[in-house]
Every structure is written in structure tokens, then in C-alpha cells.
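Residue numbers (the working numbering): 199 to 348.
Structure (C-alpha cells):
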């Protein structure tokens, strides 16, 4: 009984997802709301997160929750220090936020330099296309024209 109760909510998610997928598949020639696609995708993602990730963790990777981390095995007080998971999350978030602050300032400068040196305009050239061309190899000390002035 407890095993069934444990999976009852996931069965409900599966039924909702199957209904959404059936609605998408059986509506021929009529406009379908995007909500059906979103609900179907969400249900598939949730079920895959719950069951497929468990399969990957136990069968494929063989993860052991009792295994010691390198911070506990090699606790030297300098490089390997056991830390609270919330502190680690904060450090991880700060590292990501630091990179975003750098790249948010870097790419507009690079895109403006690219447009200035080869005459790229947004109507026919995207930043990804220009980034791979040779026009973006500007010297290190070069200054870019502000994007707002174009």
C-alpha cells in the first residue's frame, strides 16, 4: 500500500502527460494551444528526472551515498576542506555570477569592434556569424565604437 501511495502522484503526472500528448497527436488540421505542448514536455521532463535519473545513478554510474568525498579523504586544511553544502552553493553561484559580469561587459565591446571593422549590420550578420570570421581578431588595446552610436 505504501509503495503504491509513494508513486501515485507520478502516475497522475504520467496520465496528464499522456492526455496532453494524445491531444497534440489527435488534433488534425486544427490550431493547437501551445499550453498542450508545454504540459506534455513538463510531464515528460518530470518523469525522466524522477525515474531515469534514478536509473542512471544506481545502475549506470553506481553512485554510493556512503562514499567519502575527496574533501573528507584528503582533509589537509588548505585545498581539501569539508564544507557545508550551502556554503559550496554560494561559492558556485559567486563563480558563475563573476563570469557573467565579465562576459556581459566583454561581448558588447567585441560585437561593436566587429561591426566597426567590417561593416556588419544586424540585418544580415549575427554576432555568432561575425565572431567566427576573421574580422573579430582585433588587437588587445583596441577600443570599440559604442553600440548605441550605430
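Glycine included, every Cβ here is placed at the ideal spot set by N, Cα and C.
Quantities reported herein were computed from a predicted structural model and do not represent experimental measurements.
Taking the alpha helix (DSSP H) that residue i belongs to, which residues open and close that run?
i: residue 169; result: Past the edges of the chain, shown from 199 to 348, lies residue 169, and the structure says nothing about it.
i: residue 265; result: Unbroken run through residue 265: none, as it is neither H nor E.
i: residue 230; result: That residue, residue 230, is in no alpha helix (DSSP H); it is neither H nor E in DSSP.
Within 10 Å of its beta-carbon, does residue i have 16 or more other beta-carbons around it, so buried, or fewer, so exposed?
i: residue 215; result: buried
i: residue 232; result: exposed
i: residue 238; result: buried
Closer than 8 angstroms by C-beta to residue i: which residues in its own chain qualify, once you throw out the five before and the five after it? Chain order, please.
i: residue 280; result: 267, 269, 270, 273
i: residue 229; result: none
i: residue 234; result: 218, 221, 222
What is the rounded straight-line gap between the Cα of residue i and the Cα of residue j?
i: residue 225; j: residue 240; result: 20 angstroms
i: residue 223; j: residue 284; result: 44 angstroms
i: residue 202; j: residue 227; result: 40 angstroms
i: residue 327; j: residue 213; result: Only weak support exists for where residue 327 lies, its pLDDT of 49 falling under 50; the value from the coordinates is given anyway. Distance between the alpha carbons of residue 327 and residue 213 is about 44 angstroms.
i: residue 206; j: residue 246; result: 16 angstroms
i: residue 346; j: residue 292; result: Because residue 346 sits at a pLDDT of 47, beneath the cut-off of 50, its placement in the model cannot be relied upon, and the point is left open.
i: residue 275; j: residue 282; result: 15 angstroms
i: residue 254; j: residue 262; result: 12 angstroms
i: residue 265; j: residue 278; result: 16 angstroms
i: residue 287; j: residue 217; result: 38 angstroms
i: residue 219; j: residue 200; result: 29 angstroms
Who are the near neighbours of residue i in its chain, counting only those whose CB is closer than 6 angstroms to its CB and skipping five residues on each side?
i: residue 321; result: With a pLDDT of only 47 at residue 321, under the threshold of 50, the placement of this residue in the model should not be trusted; the figure read from the coordinates follows. So the list is empty, once near-sequence residues are dropped.
Report yes if the C-beta of residue i is less than 8 angstroms from at least one heavy atom of the ligand MG; otherwise report no.
i: residue 235; result: The ligand MG is not part of the structure shown, which contains no ligands of any sort.
Keeping to the same chain, check which residues put their C-beta closer than 7 angstroms to that of residue i; ignore five residues upstream and five downstream.
i: residue 248; result: 208
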